[in-house]
Amino acid sequence: MAHEKTIWPGSTQLAPVPAVLVGCGDGKTFKYNLITVAWAGTVCSDPAMLAIAVRPERFSFAPISQLKEFTVNLPPVSLAAELDRCGVVSGRDCDKFELCHLTPVAGEKVSAPLVAECPVALECRVTQPIELGSHTLFLAEILAVQVQSDLIDDKGKFDIDRAHLIAYAHGHYYQLGECIGHFGYSVRRKPGSIVRK
Ligand SMILES: Cc1cc2nc3c(=O)[nH]c(=O)nc-3n(C[C@H](O)[C@H](O)[C@H](O)COP(=O)(O)O)c2cc1C
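Everything in the sequence shown is counted per the working numbering, starting at 1491 for the first residue and increasing by one.
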């Protein structure tokens, strides 16, 4: 039967998810560092908030929990190897900005560094850490968003197709594919949208 299911124990099967470069540290008390995070998501529209889940044993944990600031940088496909690398080496042992030839840029609202080469960076301030088990969830308010200017179209919208962002699913990195519809298209059918049955 096509819809027959196999029951597995509860596990982290949600996919696809973003995989982002989280910038932390202030360059003073804590050196600038990057950590790759896939357990990340938008959690509130007003105020604009997101959450990231970080294991306490990560080098990045102390700067994020103590400074209460971080940045979320959305990497393009051209930075997939750097995204992976920042997720397998520790800031304890190296300077990841140098290692990956990435450029730290000062935030407008936070002391944590942005990654110049990423088309979008969200500047975040932690509002609440929540210890969950293996990971601590950092709920954070998004104070500012820096968007690469040449990716903003005539209507003032971020041209996501030209940003070539990465999705992550079950241990693999993917490039975002063909757009198959837009918010509400199922009730406001427009010419050109694909109807899936
Ligand atoms: C694709 C990918 C996703 C990851 N997601 C997370 C995550 O959500 N939370 C986390 O604590 N570690 C995550 N990691 C592991 C950390 O990025 C990794 O342990 C990193 O080396 C920690 O760096 P640090 O010690 O400099 O903080 C991920 C790694 C990869 C490659």
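The C-beta atom is built at its ideal place from N, Cα and C for all residues, glycine as well.
Please read these numbers as outputs of a predicted model, since none were measured by experiment.
Residue i lies in the alpha helix (DSSP H); which residues open and close that run?
i       : result
Phe1587 : Lys1586 to Leu1589
Ile1642 : Per DSSP, Ile1642 belongs to no alpha helix (DSSP H) and is neither H nor E.
Leu1557 : Phe1551 to Leu1557
Ala1596 : That residue, Ala1596, is in no alpha helix (DSSP H); its beta strand (DSSP E) goes Pro1594 to Ala1596.
Ile1650 : Ile1650 to Ala1653
Arg1575 : Ala1570 to Arg1575
State the beta-bridge partners of residue i as determined by DSSP.
i       : result
Ala1611 : Asn1563 and Gln1636
Tyr1658 : Val1507 and Tyr1663
Ile1620 : Leu1627
Cys1514 : Asn1523
Should residue i and residue j be called a contact, given that it needs their Cβ atoms to be closer than 9 Å?
i       : j       : result
Ala1606 : Leu1557 : no
Leu1589 : Val1579 : yes
Leu1511 : Ile1525 : yes
Arg1615 : Val1635 : no
Tyr1663 : Leu1573 : yes
Val1688 : Leu1564 : Only positions 1491 to 1687 of the chain appear in the structure, and residue 1688 is not among them; the question remains open.
Ile1542 : Phe1560 : yes
Cys1669 : Asp1651 : yes
Suppose the cutoff is 6 Å on Cβ atoms and the five residues either side in sequence are ignored; what does the same chain contact list for residue i look like?
i       : result
Pro1594 : Tyr1522, Phe1587 and Pro1603
Cys1514 : Asn1523, Ser1550, Pro1553, Ile1554, Phe1560 and Ala1602
Gly1581 : Asn1523 and Phe1549
Terminal residues of the continuous beta strand (DSSP E) containing residue i?
i       : result
Ile1497 : Where Ile1497 is concerned, there is no enclosing beta strand (DSSP E), given that its DSSP letter is neither H nor E.
Ala1541 : Met1539 to Val1544
Ile1525 : Asn1523 to Val1527
Leu1604 : Pro1603 to Val1605
Ala1530 : Ala1530 to Cys1534
Give the C-beta separation of residue i and residue j to the nearest angstrom, bearing in mind that I take them to be a contact with Cβ-Cβ under 8 Å.
i       : j       : result
Leu1655 : Ile1632 : The pair is not a contact, with the Cβ atoms about 17 Å apart (cut-off 8 Å).
So, at 8 Å on beta carbons, what are the nonlocal neighbours of residue i in its own chain, with the 5 sequence-adjacent residues on each side left out?
i       : result
Ser1624 : Arg1545
Who are the near neighbours of residue i in its chain, counting only those whose CB is closer than 7 Å to its CB and skipping five residues on each side?
i       : result
Ala1509 : Thr1526, Ala1528, Leu1573, Ile1656, Tyr1658 and Tyr1663
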